[in-house]
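J.: Adding 679 to a residue's 1-based position in the sequence shown gives its number in our numbering.
Ideal Cβ placement from N, Cα and C applies to all residues, glycine included.
These figures come from a predicted structure and were not determined experimentally.
I have a structure I would like to understand better, so I am pasting it below and will then ask my questions one at a time.
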Amino acid sequence: MGERNRSTPTGVGAVPLAAAGLAVIAVCYGLARFAYGLFVPAFTAEFGLGAAAAGAIASSSYAGYCVAVVVATLATVRWGPRAVGTAAGVAAVLGTGLIAIAPGVPVLAVGVVVAGSSTGLASPPLADAVARWVRAERADRVQAVVNAGTGVGVAASGPIALALSGSWRLAWAAYCGIAVLVTVWAAVTIPPGRSRRPSRAPGGGAWWRPGTGRLLLAAAALGVGSSAVWVFGRDLVGAAGVSAAASTLMWIVLGVAGVAGAFTGDLVARTGLGVAWAVGMLLLAAATAAFALVPGVLPVVFAAAALFGAVYIGLTAVLLVWGTRIHPDAPSLGVGAAFLLIAVGQALAAPAIGLLADLATAPVAFGAAAVAAAGGALALPPARGGVSGSARAGRTAR
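Dropping the structure here:
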């Protein structure tokens, strides 16, 4: 990356950029998107939702994410990461606000879609900002730290839910207030400026490079394999007899463990993308299977939640690094494509898992998700992390 990203127009350093990026990811993923799973029991009681309906609403969130990540990938190239990153925060504010005031299922669903869209808007511009303005030797580590914001947000959502256990609406209003503060922070911290337009790869399009197919397959497998725990995990353990307070603590444990994903950049440097990916997917399958087999045994549930949180965030960081290596000249393209396919997998799996839970049992549905995660371990990156020769040459030239 050479001198390309030694400094920025505003003089922001790697630490302030990482902190602001982590905060945006925490709000958009941990609060605006994944906190939905924390409140499925409350929404079920308030609006009379069944498992299939709850899954369909979650799927609509992922569908909104799919649209948003495409928009963000293109918009980051045109308007730069500050504008798009700020838009992500605004979407989180609007979505969480709508959920807080929802009088019925239609407004709730719209709020969930808008809140979920914030995540699609967040990842591409932040990955682009880090790749452009952080030194090459630190970039993977900073990408992983920013990505670990999901764990921070999930961990923060639990205590707020516990403190405001008498009203889920107040909890979502609190999430909205936090989103406002973080959006302002992002707007003043992320440097202005437009990204360079990507060069066209030899023999392919501007975005399709050697290794892209495996990247997309792996991302979709992660989406399918993780959807059961994210949408129905707390509901499952609650139905098995775990108290509301204990299941909320389980959610906090999941988020705290996810912060370990900040070390994924160092792990990838030591083991390589392929080993990190395969081992991570098998551990994700094991965690999901533990939920299916013993959802009422609290120590096992807590251990499974911790394993799931750490591994999921780590796997998304692996995909993030993988995508930026395939597209070093336009990181938002590689990251956007990977995160789009995560959401596609989740959008397809969430209603299917809910329907399977209604037709059979929730543990059976979780078992199916575990099998999908184990199969995803086979979607390995090519040698050298899937980085094409032209891409490596481009990185070296910088």
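Starting from the Cα of G830, find the closest Cα among W909, D914 and L901 and give me that residue.
T.: For G830, the nearest C-alpha among the options comes from W909.
J.: Start and end of the alpha helix (DSSP H) containing T1040?
T.: Note, T1040: premise wrong, no alpha helix (DSSP H); not H, not E.
J.: For the alpha helix (DSSP H) that V789 lies in, which residues bound it at each end?
T.: Looking at the DSSP string, the run of the alpha helix (DSSP H) that includes V789 is V784 to W812.
J.: Taking Cβ positions, are P804 and A754 nearer each other than 9 Å?
T.: Going by C-beta atoms, P804 is nearer than 9 Å to A754.
J.: Just the C-alpha distance for L901 and A969, rounded to the nearest angstrom, thanks.
T.: Roughly 17 Å between the two C-alpha positions.
J.: Taking all protein chains shown into account, decide if D945 is buried (16 or more other Cβ within 10 angstroms of its Cβ) or exposed.
T.: Exposed is the call here.
J.: Tell me which residues share the same chain as V784 and place their Cβ nearer than 6 Å to its Cβ, disregarding the 5 neighbours each side in the sequence.
T.: Closer than 6 Å at the Cβ level, and outside the excluded window around V784, lie F726.
J.: G692 by DSSP, collapsed to three states: which one?
T.: In the structure shown, G692 sits in coil (DSSP, three-state: anything other than H, G, I, E or B).
J.: On the CB-based measure, 16 or more other CB atoms within 10 Å of its CB, does R888 come out buried or exposed?
T.: R888 should be labelled buried.
J.: So P1060 packs on R817, CB below 8 Å; how close in whole Å?
T.: About 22 Å; that fails the 8 Å criterion.
J.: Which residue from L998, P782, V976 and A711 puts its Cα closest to that of L773?
T.: Residue A711 is the option with its Cα nearest to L773.
J.: Given a cut-off of 9 Å on the beta-carbon distance, is the pair F713 and L787 in contact?
T.: Their beta carbons are not under 9 Å apart, which means F713 does not touch L787 by this criterion.
J.: State the Cα-Cα distance for the pair A1049 and A1029, rounded to the nearest angstrom.
T.: Their Cα atoms are separated by approximately 13 Å.
J.: How about V859 and G799: are their beta carbons less than 9 Å apart?
T.: No. Outside cutoff.
J.: Let's see if you can read the secondary structure: which residues bound the alpha helix (DSSP H) around L1059?
T.: Here L1059 belongs to no alpha helix (DSSP H), and DSSP marks it neither H nor E.
J.: Suppose contacts are defined by Cβ-Cβ distances below 9 Å. Is A840 in contact with A1016 by that definition?
T.: Against a cut-off of 9 Å, the Cβ pair of A1016 and A840 comes out as no contact.
J.: Go ahead and pull the three-state DSSP assignment for V973.
T.: V973 falls in the coil class under three-state DSSP.
J.: Tell me the residue span of the alpha helix (DSSP H) that contains A897.
T.: T891 to A918 is the span of the alpha helix (DSSP H), which, as asked, contains A897.
J.: State the Cα-Cα distance for the pair G729 and A810, rounded to the nearest angstrom.
T.: Their Cα atoms are separated by approximately 43 Å.
J.: Alpha carbon to alpha carbon, how far is S796 from S740? Give it in angstroms, no decimals.
T.: Distance between the alpha carbons of S740 and S796 is about 7 Å.
J.: Could you give the C-beta distance for V980 and M929, rounded to a whole number, given that I count them as a contact under 8 Å?
T.: Confirmed, Cβ separation roughly 6 Å.
J.: Given a cut-off of 9 Å on the beta-carbon distance, is the pair I669 and G837 in contact?
T.: Summary: the structure shown does not reach residue 669, with the chain confined to residues 680 through 1077, and so no result is reported for it.
J.: Taking the alpha carbon of A957 as the reference point, which residue from V903, A1009 and A1053 has its own alpha carbon closest?
T.: Of V903, A1009 and A1053, the residue nearest in Cα terms is A1053.
J.: Please return the same chain residues whose Cβ sits closer than 6 Å to the Cβ of T1081, not counting the five positions on each side in sequence.
T.: For residue 1081 there is no data in the structure shown, the boundaries of the chain being 680 and 1077.
J.: Taking the beta carbon of S802 as the centre, do at least 16 other beta carbons fall within 10 Å, making it buried, or is it exposed?
T.: So S802 counts as buried.
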